[in-house]
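**Student:** Protein chains in written order, with the working numbering: chain A, 1 to 114; chain B, 1001 to 1113.
(1) In this structure, how does DSSP classify residue 1016 of chain B when only helix, strand and coil are distinguished?
(2) Could you tell me how far apart the beta carbons of residue 1055 of chain B and residue 1067 of chain B are, in whole angstroms, since I believe they sit closer than 8 Å?
(3) Cα separation between residue 1103 of chain B and residue 44 of chain A?
(4) Kindly say whether residue 1105 of chain B, judged by its beta-carbon, lies nearer than 8 Å to any beta-carbon of chain C.
(5) Quick one: complete beta strand (DSSP E) runs, 3+ long, within the region 32-71 of chain A?
(6) Let me see if you follow: with CB-CB separation under 8 Å, is residue 1016 of chain B close to chain A or not?
(7) Starting from residue 21 of chain A, trace the beta strand (DSSP E) both ways and give me its first and last residue.
(8) Going by beta-carbon coordinates alone, are residue 1051 of chain B and residue 1036 of chain B separated by less than 8 Å?
(9) Along the chain, where does the beta strand (DSSP E) that runs through residue 1057 of chain B open and close?
(10) Which residue or residues does DSSP assign as beta-bridge partners of residue 11 of chain A?
(11) Based on Cα-Cα distance, which residue from B/1040, B/1072, B/1044, B/1002 lies nearest to residue 1125 of chain B?
(12) Excluding five sequence neighbours on each side, which residues of the same chain lie with their C-beta closer than 6 Å to the C-beta of residue 114 of chain A?
(13) Closer than 6 Å by C-beta to residue 1049 of chain B: which residues in its own chain qualify, once you throw out the five before and the five after it? Chain order, please.
(14) Closest by CA to residue 101 of chain A, which one among A/92, A/16, A/108?
(15) Which residues, in order along the region 92-107 of chain A, keep a beta-carbon less than 9 Å from a beta-carbon of chain B?
(16) Count the CB pairs spanning the region 1070-1084 of chain B and the region 57-75 of chain A that are closer than 8 Å, and state whether there are at least three.
(17) Taking buried to mean at least 16 other C-beta atoms within 10 Å of its own C-beta, is residue 1083 of chain B buried or exposed?
(18) Please report the straight-line C-alpha distance between residue 1110 of chain B and residue 1059 of chain B, rounded to a whole angstrom.
(19) Could you tell me which uninterrupted beta strand (DSSP E) segments, each at least 3 residues in length, are contained entirely in the region 1023-1047 of chain B, listed from first to last along the chain?
(20) Using the C-alpha atoms, what's the distance from residue 60 of chain A back to residue 85 of chain A?
(21) In or out: residue 1088 of chain B buried (at least 16 other Cβ within 10 Å) or exposed?
(22) So what does DSSP say about residue 1077 of chain B, is it helix, strand or coil?
(23) Which residues in chain A sit within 9 Å of residue 1049 of chain B, going by Cβ to Cβ distance?
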């Protein structure tokens, strides 16, 4: 158990809908990262927040947004969902920010868009 | 461009045999290298990491990896695999100027009894 929690574990929804994925980082960690894992694209970095502020952006679609709250939990919002958004979404956390930081991963949220 | 290549999609090894998983990277600056393991239905767990210094690094579960700058490689090894090592293994790279992890496609390890 990494100490990172993600809810829900599974999510089934329809195209065009909007969903929110939630992540609670390990106690004391200030950075939160979001990743998407799909069969065709592999693991892709979406976005990083550090102490409430956006720190780095990867291949995140405009339909997707995220935020980190004062209590350091984070939410990833996915809207106007398409079939291709079906994937495993991981959240990770680290104590600080920087290339040397070890990222601790949650168990993921499996999203299925029908 | 920054990238990580894991040339083997699948590897099958007999239980008790040695293992080597290959990882090659392309990175313009000093790379920080990581190996993660993903068991079925689980998240990713860090096995080991390399930042600098001794090029042979030891990790958890009896794994080790060797950084070879001249070959841009960071191969993962284990002298004797156990059935519980069956999983998918990911190599990743980051750096000081680019904090995000860049991932390889992963290698699925299958253990033959």
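Glycine residues also receive a C-beta, built at the ideal position from the N, C-alpha and C atoms.
**Tutor:** Inspection of the coordinates gives the following:
(1) Residue state, collapsed to three classes: coil.
(2) Indeed they touch by this definition, with Cβ atoms about 4 Å apart.
(3) So the two alpha carbons sit approximately 7 Å from each other.
(4) In summary, chain C is missing from the structure at hand, where the protein chains are A and B.
(5) The region 32-71 of chain A contains these whole beta strand (DSSP E) runs: 42-50, 53-57, 64-68.
(6) Not a single C-beta of chain A is nearer than 8 Å to the C-beta of residue 1016 of chain B.
(7) Its beta strand (DSSP E) spans residues 19-24.
(8) Going by C-beta atoms, residue 1051 of chain B is not nearer than 8 Å to residue 1036 of chain B.
(9) Run containing residue 1057 of chain B: 1056-1058, per the beta strand (DSSP E) assignment.
(10) According to DSSP, residue 11 of chain A bridges with A/111.
(11) This structure cannot settle anything about residue 1125 of chain B, because the visible part of chain B is limited to 1001 through 1113.
(12) Same-chain partners within the cutoff: 14.
(13) If we look at residue 1049 of chain B and ignore the five residues flanking it on each side, its Cβ neighbours are 1034.
(14) The option with the nearest alpha carbon to residue 101 of chain A is A/92.
(15) Those residues of the region 92-107 of chain A placed with their C-beta closer than 9 Å to a C-beta in chain B are 92, 97, 98, 99, 100, 101, 102, 103, 104, 105, 106, 107, ordered along the chain.
(16) The region 1070-1084 of chain B vs the region 57-75 of chain A: no contact.
(17) The residue in question, residue 1083 of chain B, is exposed, as its Cβ has fewer than 16 Cβ neighbours within 10 Å.
(18) One C-alpha to the other measures close to 20 Å.
(19) When DSSP assignments are scanned along the region 1023-1047 of chain B, the uninterrupted stretches of beta strand (DSSP E) that are 3 or more residues long and fall wholly within it turn out to be 1024-1026, 1032-1038.
(20) Separation of residue 85 of chain A and residue 60 of chain A (C-alpha to C-alpha, rounded to the nearest whole angstrom) is 11 Å.
(21) Classification of residue 1088 of chain B: buried, given that the 10 Å Cβ count is 16 or more.
(22) The three-state secondary structure of residue 1077 of chain B, taken from DSSP, is strand.
(23) Going along chain A in sequence order, the residues near residue 1049 of chain B (Cβ under 9 Å) are 100, 102.
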